[in-house]
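Using numbering that gives the first Met the number 0, the first residue of the sequence shown is number 0, and each one after it goes up by one.
Where is the CB? At the ideal position from N, CA and C, for every residue including glycine.
Here is the structure we will look at.
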Amino acid sequence: MADVRFQKVCKTYPGRRGGAPVSVLHDLDLQVQDGEFLVLVGPSGCGKSTLLRLLAGLEQPSTGEILVGNRPVSQLRPAQRDVAMVFQSYALYPHLTVAGNLGFGLRRSRPRSPLEQLQDSLHQASRRLPSALRLTSPRETRIEGRIGEVAAMLELGPLLDRLPKELSGGQKQRVALGRAIARQPAVFLMDEPLSNLDAKLRTGTRAQIVELQRRLGTTTLYVTHDQVEAMTMGHRIAVLHAGTLQQLGTPMELYQWPANLFVAQFIGSPPMNLLPVEVVGPGQLQLEGHRLPVDGPLAEAMASRVGHQLTGGLRAEHLRLAPATNRNLRASVSHSEALGNEQLLTCRLEAGGHLVQLRVGPEEQVPPGATIHVEADPSGWRLFDSSGTALPRPRSGAQEPVLPRL
Ligand code: ADP
Ligand code: MG
């Protein structure tokens with residue numbers, strides 16, 4: 000078990016075919032706690048895989064250091080780092096059986112003494128003989144025991160003698176997971192491990208990975224682009240954009256109090272609604288001539304910003320259908336998605352023609368083209384300045400979020 004620290008890590012790849020060097024990570028500081036499940040998200044190309052590959056030892060940082068349990072690892076070979084990586088593409092050895100794949104890392108670890116080597120060769124040579132004639136090797140017995148344990152954990156027992164080409168995608172991914180688990184590393188690295196699976200298998204395997212991680216307590220860095228995986232699997236989420244860390248926090252912190260516009264748009268589905276607003280008083284916003292109240296601690300923070308043009312953010316659940324009065328915003332429905340338990344409406348506000356999305360009950364009759372009135376929940380507003388930075392979450396009263404119990 001170990002914590003993981005990235006200290007001022009920069010990574011620049013040399014330019015390919017005479018092109019300019021590609022600077023991927025900039026001064027990245029990130030600490031993953033011992034036993035934590037950290038989910039890493041960000042748009043394609045932002046450096047997520049690079050970050051994992053640096054930790055695994057498949058790439059070298061340009062500057063900075065990475066520590067695993069206080070031990071600097073940049074100078075260590077991948078095998079010495081006590082980390083195990085699971086890839087999207089499974090990367091199983093095609094010529095080895097499931098058992099062979101599970102045991103591969105175990106057989107390679109630690110050099111063997113000449114006696115152990117002899118025992119292992121005798122064991123190997125006598126493997127196919129009747130059991131009375133087989134020679135055992137303590138090391139092989141240990142490894143086979145471990146393979147059995149891992150196979151039981153992942154329900155791979157009946158598949159141990161199969162080759163990878165005889166497995167389904169989900170089974171292959173379980174073998175890849177098993178291979179990582181078998182080595183009992185200090186850190187698991189998983190790079191979009193479920194993205195090649197169909198939706199149903201993904202849900203099942205997701206639950207299995209979370210359950211295993213909580214049971215084993217192994218520090219885990221998990222890359223995904225799936226909103227559900229990001230929101231449900233980890234203790235915390237790190238959002239990466241263009242090689243810099245945008246925000247690190249619990250899923251609910253990021254969802255409710257995004258640190259900037261990028262996070263507000265990236266975390267949560269649908270993304271946060273954004274509207275250009277002006278602060279006209281403490282607790283008073285104006286949108287195209289409409290006064291909109293803001294409630295709660297953020298209202299006080301607005302006092303020093305009267306007259307400022309800001310971006311106001313509202314989650315879809317903070318807009319609701321309301322009576323047709325002058326106070327409420329008139330809008331026309333442009334699109335509705337029935338999701339079974341609710342409908343997601345996309346509508347255009349008359350004020351300014353802004354498109355917003357809101358959640359309404361499944362029973363509401365709101366066909367495209369219908370005119371509706373909506374009101375904003377006064378406590379749902381989040382505000383962002385012209386640089387996209389959120390007005391800080393007010394500290395008064397509200398309880399500080401605590402990290403979910405590890
Ligand atoms: P992500 O996993 O977030 O999609 P990557 O870490 O794979 O992003 O890549 C980040 C950026 O680095 C991309 O622009 C990619 O093209 C570039 N890159 C990745 N690997 C190499 C490499 N070996 N050489 C040059 N550029 C690379
Ligand atoms: Mg990647």
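Pair every Cβ in the stretch 61 to 71 with every Cβ in the stretch 118 to 131, then say whether three or more of these pairs are closer than 8 Å. no
Any heavy atom of the ligand GTP within less than 6 Å of residue CB: hits in chain order: Among the ligands in the structure shown, the ligand GTP does not appear; only the ligand ADP and the ligand MG can be found there.
Please classify ARG70: does DSSP put it in a helix, a strand, or coil? Translated into positions along the sequence shown, residue 70 becomes position 71. Looking at ARG70 - three-state DSSP - the assignment turns out to be strand.
Could you tell me if GLU228 is buried or exposed, where buried requires 16 or more neighbouring beta carbons within 10 angstroms of its beta carbon? Position 229 of the sequence shown holds residue 228. The residue in question, GLU228, is buried, as its Cβ has 16 or more Cβ neighbours within 10 Å.
At a cut-off of 7 Å, is VAL332 close to the ligand MG when judged by its beta-carbon and the heavy atoms of the ligand? Within the sequence shown, residue 332 is the residue found at index 333, counting from 1. No; taking the cut-off as 7 Å, the Cβ of VAL332 has no heavy atom of the ligand MG nearer than that.
Out of PRO367, GLY311, MET251 and ALA181, which one is the CA nearest neighbour of LEU343? Stepping through the sequence shown from its first residue, residue 343 is reached at position 344. Closest by alpha carbon: PRO367.
Report yes if the C-beta distance between GLY409 and VAL23 is below 8 Å; otherwise report no. Nothing about residue 409 can be reported from this structure: the residues present for the chain run from 0 to 405 only.
Taking the straight line between their C-alpha atoms, what separation do you get for ALA181 and GLU210? As a first step, residue 181 must be located in the sequence shown, where it is residue number 182. As a first step, residue 210 must be located in the sequence shown, where it is residue number 211. Between ALA181 and GLU210, the C-alpha separation is close to 16 Å.
Can you look up PRO415 in the DSSP assignment and give me helix, strand or coil? Absent from the structure is residue 415, since the part of the chain shown begins at 0 and ends at 405.
Between which residues of its own chain and ALA302 is the CB-CB distance below 6 Å, once the five residues before and five after are set aside? In the sequence shown, residue 302 corresponds to position 303, counting from 1. Closer than 6 Å at Cβ, skipping near neighbours: PRO281.
Nearer than 7 Å: is that true of the beta carbon of ASP376 relative to any heavy atom of the ligand MG? Counting from one through the sequence shown, the residue named residue 376 turns up at place 377. No.
Distance CB(ASN327)-CB(GLU374) smaller than 8 Å: Taking the sequence shown and counting its residues from 1, one reaches residue 327 at position 328. Taking the sequence shown and counting its residues from 1, one reaches residue 374 at position 375. It is a contact, given that the beta carbons lie within the stated cut-off.
I think VAL238 touches LEU220, with their Cβ atoms under 8 Å apart; what is that distance to the nearest whole Å? Within the sequence shown, numbered from 1, the residue matching residue 238 stands at position 239. Within the sequence shown, numbered from 1, the residue matching residue 220 stands at position 221. Between LEU220 and VAL238 the Cβ distance is about 14 Å, and since that is not below 8 Å, they are no contact.
How is the beta strand (DSSP E) around ARG347 delimited, first residue to last? On the sequence shown, position 348 is the one that residue 347 refers to. Start and end: 342 to 348.
Residues in the same chain with beta-carbon distance under 7 Å from SER73, minus the five sequence neighbours each way, listed in chain order, please. Taking the first residue of the sequence shown as 1, we reach residue 73 at position 74. Result list for SER73: GLN59, PRO60, GLU64 and ILE65, in chain order.
DSSP three-state call for ALA397: helix, strand or coil? Numbered from its first residue, the sequence shown carries residue 397 at position 398. Below a pLDDT of 50, predicted positions are generally treated as unreliable, and ALA397, at 47, falls in that range; no measurement from the model is reported.
Around the Cβ of HIS94, are there at least 16 other Cβ atoms within 10 angstroms (buried) or fewer (exposed)? The residue given as residue 94 occupies position 95 in the sequence shown. Exposed, because fewer than 16 other Cβ atoms sit within 10 Å of the Cβ of HIS94.
Under 7 Å: does the beta carbon of ASP119 sit that close to some heavy atom of the ligand MG? As a working mapping, residue 119 is identified with position 120 in the sequence shown. Every heavy atom of the ligand MG is 7 Å or more from the Cβ of ASP119, so no.
Run through DSSP, which three-state label would VAL276 get? Walking along the sequence shown from the start, residue 276 turns up at place 277. Residue state, collapsed to three classes: strand.
ARG334, buried or exposed, once every other Cβ within 10 Å from all chains shown has been counted against 16: Here the question's residue 334 lines up with position 335 in the sequence shown. Before going on, a small fix: residue 334 reads as His here, not Arg. Exposed is the call here.
Say yes only if the C-beta of VAL82 is nearer than 7 Å to one or more non-hydrogen atoms of the ligand MG, and no if none qualify. Within the sequence shown, the letter at position 83 stands for residue 82. No - the ligand MG has no heavy atom lying nearer than 7 Å to the Cβ of VAL82.
Could you give the distance in angstroms between the alpha-carbon of LEU348 and the alpha-carbon of GLN245? Here residue 348 refers to the residue found at position 349 when the sequence shown is read from its first residue. Here residue 245 refers to the residue found at position 246 when the sequence shown is read from its first residue. Their Cα atoms are separated by approximately 30 Å.
Can you tell me where the beta strand (DSSP E) with PRO292 in it begins and where it stops? Here residue 292 is taken as the residue at index 293 of the sequence shown, counted from 1. Element bounds for PRO292: 289 to 292.
Following a CB-centred definition, is ASP190 positioned closer than 7 Å to any heavy atom of the ligand MG? Here residue 190 refers to the residue found at position 191 when the sequence shown is read from its first residue. Indeed, a heavy atom of the ligand MG lies less than 7 Å from the Cβ.
Roughly how many angstroms lie between the CA atoms of PRO192 and ALA185, to the nearest whole one? Within the sequence shown, residue 192 is the residue found at index 193, counting from 1. Within the sequence shown, residue 185 is the residue found at index 186, counting from 1. One C-alpha to the other measures close to 19 Å.
Going by alpha carbons, who is nearest to THR223 out of TRP256, ARG358 and GLN87? By one-based count along the sequence shown, residue 223 stands at place 224. Looking at the Cα atoms, GLN87 is the closest of the given residues.
Minimum length 4: unbroken alpha helix (DSSP H) runs contained in the stretch 103 to 170: 113 to 124 and 137 to 152
Nearest residue (CA-CA) to MET189, options GLU165, MET232, GLY203 and VAL149: Position 190 of the sequence shown, counted from the first residue, corresponds to residue 189. With distances taken between Cα atoms, MET189 lies closest to MET232.
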